[in-house]
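Participant: Pasting a structure below so you can have a look.
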Amino acid sequence: KGEHLYRYDPLNRLTRADHSQDVQERFAHNPAGNLLMQDRPGPDIVAANRLMIQGDRHYDYDAFGNLIRERRGKSQQLVTEYRYDCQHRLISITKPNGETASYRYDPFGRRISKTVDGKTTEFFWQGDKLIAEHHAERHRSYLYEPDSFRPLALLEGFGPQATTPYHYQLDHLGTPQELTNPEGEIIWSAHYRAYGQIARLDVGNIDNPLRFQGQYFDQESGLHYNRHRYYNPDIGRYLTPDPVKLAGGINGYRYVPNPTGWVDPLGLNRCPGTVGCEPSLGAEDPSTPASSKKSEPNVPTPHNDEEYLFRGDKTPPNEVFKNGFKSKGDSEDLYLHAIDSNDPPSNFISTSPSRAVGITFATSYGDKKGYLYTLKSIEGHDINTELGKQAPYPKELEFAIHNKIDPEDILGATPVKSDGTYVGYSIPNPNRK
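If you want it as structure tokens, here you go:
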């Protein structure tokens, strides 16, 4: 790959990158840590950490700080527009030539499909890791190093006989440099700019969408999908502010302190590139949100968290999304409810902050298939706290909701097999708020 020389300022921020392939990059940073491209013509104007102008490109934002429009060219006549849903997830892009792309997500915020020029690609996840993609002409699977976002292999094709494995050759950060076939021949190879944009594709016998750890390249936009946000490698910034707010630092648009030593696989929090971030255990707990401690963001871990509640149930999603959950009767005795909500019929609805407990009830203790419903954190009664030592089943961590759970408080449903494993997809609730 040739020689690369890097220089840094006293705060260890990248200021210069000299590549052997005649690519030289120069960077500066303002007092708030905003990246300024010094090797490009025209000004870099930043306000409130939002990039407003770079060269002939002008950027517009909505009231939440999401990039909604990029204007460039003569009189800014070439316009790219970005649209978001109520959770600030990118749902569509309209390019200057009129072409459009649309995106869909599951209840946990993972992108499950994109449609470009009428062709839809579906994505499949294990926790926070993309493990497969499929459209009418192709199926691919991705394998990773254990407990890591570093890709190991790409499997292309249907079935064991028709599948061809390709192996990733990575740099110190886990960024793909080459793909090799079973004979050891290089079938994909690229040179990158410092912030992740491909400067030159040397070999392209197959396309490879994986970039920095946790990032997926979208050909239609040039953006990298980064689990919770979209990253623009051309300017080294995110399109939207950090979802974890100030826990991610005072600059919500910055990628990492420097791109030669840090990565951000989730689009939430940086971690050293040579060590890497461990994904949540995953499939296994796709809903575990990011947390922070002492103003430093932590990688999501599979523990109970009051951000979500879970309920296992046999009722199909179309009924639940329309009607919500309703109690079985009028009994206000919390202790009798905890013992048996059917005798007498209780005016409480059982939920738990434990996903595993939800799956247990969804499958009737491993006997039948059912649904795991993910709920917002809503007001209720913590059985273990209110009953203390009288709580009959403390391991269930039950959180009892009084009378009803409204449809708008239900985020979505995940079908579960009788053995407690997922079918492989989730169903978002169109009525959630």
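Positions 1 to 433 (full-length UniProt numbering) are the ones given, in order, by the sequence shown. No residue lacks a Cβ here, since even glycine has one placed at the ideal position from N, Cα and C.
Quick one: using the 10 Å Cβ neighbour count with 16 as the cut-off for buried, is H172 buried or exposed?
Facilitator: As a first step, residue 172 must be located in the sequence shown, where it is residue number 172. Per the 10 Å Cβ criterion, exposed.
Participant: Would you mind reading off the limits of the beta strand (DSSP E) that contains K119?
Facilitator: Looking up residue 119 in the sequence shown gives position 119. Here the beta strand (DSSP E) through K119 covers 119-126.
Participant: The beta strand (DSSP E) with residue 452 in it runs from where to where?
Facilitator: Residue 452 lies beyond the residue range present for the chain, which begins at 1 and ends at 433; the question has no answer from this structure.
Participant: Please list, in chain order, all residues of the same chain as G267 whose beta carbon is under 6 Å from its beta carbon, the five residues on each side excluded.
Facilitator: Numbered from 1 along the sequence shown, position 267 holds the residue referred to as residue 267. The residues are N226, R227, H228, R229.
Participant: Could you have a look at S352 and say whether DSSP puts it in helix, strand or coil?
Facilitator: The residue labelled residue 352 in the question sits at position 352 within the sequence shown. In this structure, S352 counts as strand in the three-state DSSP scheme.
Participant: With DSSP collapsed to three states, give me the class of T288.
Facilitator: Numbered from its first residue, the sequence shown carries residue 288 at position 288. Because T288 sits at a pLDDT of 43, beneath the cut-off of 50, its placement in the model cannot be relied upon, and the following sentence gives the value as read from the coordinates. Correct three-state label for T288: coil.
Participant: Using the three-state DSSP reduction, which class does Q219 fall into: helix, strand or coil?
Facilitator: Locating residue 219 in the sequence shown gives position 219, counting from the first residue. Here Q219 sits in coil by DSSP.
Participant: Roughly how many angstroms lie between the CA atoms of L67 and Y308, to the nearest whole one?
Facilitator: For the purposes of this step, residue 67 is identified with residue 67 of the sequence shown, where counting begins at 1. For the purposes of this step, residue 308 is identified with residue 308 of the sequence shown, where counting begins at 1. Near 28 Å, if we compare the C-alpha coordinates of Y308 and L67.
Participant: Count the C-beta pairs between the region 72-82 and the region 241-250 that are closer than 8 Å, then say yes if the count reaches three, no if not.
Facilitator: Segments in contact, no.
Participant: Excluding sequence positions up to five away, which residues of its chain have a Cβ less than 6 Å from the Cβ of R50?
Facilitator: If you number the sequence shown from 1, residue 50 lands on position 50. The residues are Y61.
Participant: With distances taken Cα to Cα, identify the nearest neighbour of S364 among P182, F321, T240, G420.
Facilitator: The residue given as residue 364 occupies position 364 in the sequence shown. If we check each option's Cα against that of S364, G420 comes out closest.
Participant: Name the residue from D340, K395, G98, G388 whose alpha carbon lies nearest to the alpha carbon of G356.
Facilitator: On the sequence shown, position 356 is the one that residue 356 refers to. A small correction: the amino acid at residue 356 is Ala; Gly does not occupy that position in the sequence shown. Per the Cα distances, K395.
Participant: Please go through the same chain and pick out, in chain order, the residues whose beta-carbon is closer than 7 Å to the beta-carbon of E178, but skip the five residues on each side of it.
Facilitator: Numbered from its first residue, the sequence shown carries residue 178 at position 178. Result list for E178: Q169, I186, W188, S189, in chain order.
Participant: Quick test of your reading: L375 and A362, contact by CB under 8 Å. State the CB separation rounded to the nearest angstrom.
Facilitator: For the purposes of this step, residue 375 is taken as residue 375 along the sequence shown, with counting starting at 1. For the purposes of this step, residue 362 is taken as residue 362 along the sequence shown, with counting starting at 1. Actually they are not in contact, since the Cβ atoms of L375 and A362 sit about 13 Å apart, beyond 8 Å.
Participant: Can you look up I339 in the DSSP assignment and give me helix, strand or coil?
Facilitator: Numbered from 1 along the sequence shown, position 339 holds the residue referred to as residue 339. Residue state, collapsed to three classes: helix.
Participant: Assign A338 to one of two classes, buried (16 or more other C-beta atoms within 10 Å of its C-beta) or exposed (fewer than that).
Facilitator: In the sequence shown, the residue the question calls residue 338 occupies position 338. Looking at its Cβ environment, which holds 16 or more other Cβ atoms inside 10 Å, A338 is buried.
Participant: Helix, strand or coil for P241, going by three-state DSSP, please let me know.
Facilitator: Here residue 241 is taken as the residue at index 241 of the sequence shown, counted from 1. P241 falls in the coil class under three-state DSSP.
Participant: Does the contact criterion of 3 or more C-beta pairs under 8 Å hold for the region 193-210 versus the region 231-238?
Facilitator: The region 193-210, when compared against the region 231-238, does touch it at the 8 Å Cβ threshold.
Participant: Looking at the secondary structure, which residues open and close the beta strand (DSSP E) in which I383 lies?
Facilitator: Start at 1 with the first residue of the sequence shown, and residue 383 comes out as number 383. It is not in any beta strand (DSSP E) - I383 instead sits in the alpha helix (DSSP H) that spans 383-387.
Participant: What runs of the beta strand (DSSP E), each 3 residues or longer, lie entirely inside the region 133-182?
Facilitator: As far as the region 133-182 is concerned, its whole beta strand (DSSP E) runs of at least 3 residues are 138-144, 151-156, 164-170, 176-180.
Participant: Among residues of its own chain, excluding the 5 on either side of Y253, which ones have a beta-carbon nearer than 6 Å to its beta-carbon?
Facilitator: Taking the first residue of the sequence shown as 1, we reach residue 253 at position 253. Taken in chain order, the residues that qualify are N49, R237, Y238.
Participant: P10 to D218, Cα distance in whole Å?
Facilitator: The count along the sequence shown starts at 1 and reaches residue 10 at position 10. The count along the sequence shown starts at 1 and reaches residue 218 at position 218. Those two C-alpha atoms are separated by around 35 Å.
Participant: Do you know offhand how far R110's Cα is from Q390's?
Facilitator: Counting from 1 along the sequence shown, the entry for residue 110 is found at position 110. Counting from 1 along the sequence shown, the entry for residue 390 is found at position 390. Rounded to whole angstroms, R110 to Q390 spans 40 Å at the Cα level.
Participant: Short check: CB of P107 to CB of L334, under 8 Å?
Facilitator: Translated into positions along the sequence shown, residue 107 becomes position 107. Translated into positions along the sequence shown, residue 334 becomes position 334. No, the pair does not count as a contact, with Cβ atoms beyond the cut-off.
Participant: If the criterion is Cβ atoms closer than 8 Å, does the pair G261 and P272 meet it?
Facilitator: Your numbering for residue 261 matches position 261 in the sequence shown. Your numbering for residue 272 matches position 272 in the sequence shown. Cβ distance < 8 Å, so G261 and P272 count as in contact.
Participant: Keeping to the same chain, check which residues put their C-beta closer than 7 Å to that of N431; ignore five residues upstream and five downstream.
Facilitator: Position 431 of the sequence shown, counting from 1, holds the residue named residue 431. Same-chain partners within the cutoff: F321, P407, E408.
Participant: Quick check: is the beta carbon of V423 nearer than 8 Å to any beta carbon in chain C?
Facilitator: The displayed structure is made up of one protein chain only, and chain C is not part of it.
Participant: How is the alpha helix (DSSP H) around V46 delimited, first residue to last?
Facilitator: Within the sequence shown, numbered from 1, the residue matching residue 46 stands at position 46. From DSSP, V46 is part of no alpha helix (DSSP H) but of the beta strand (DSSP E) over 44-47.
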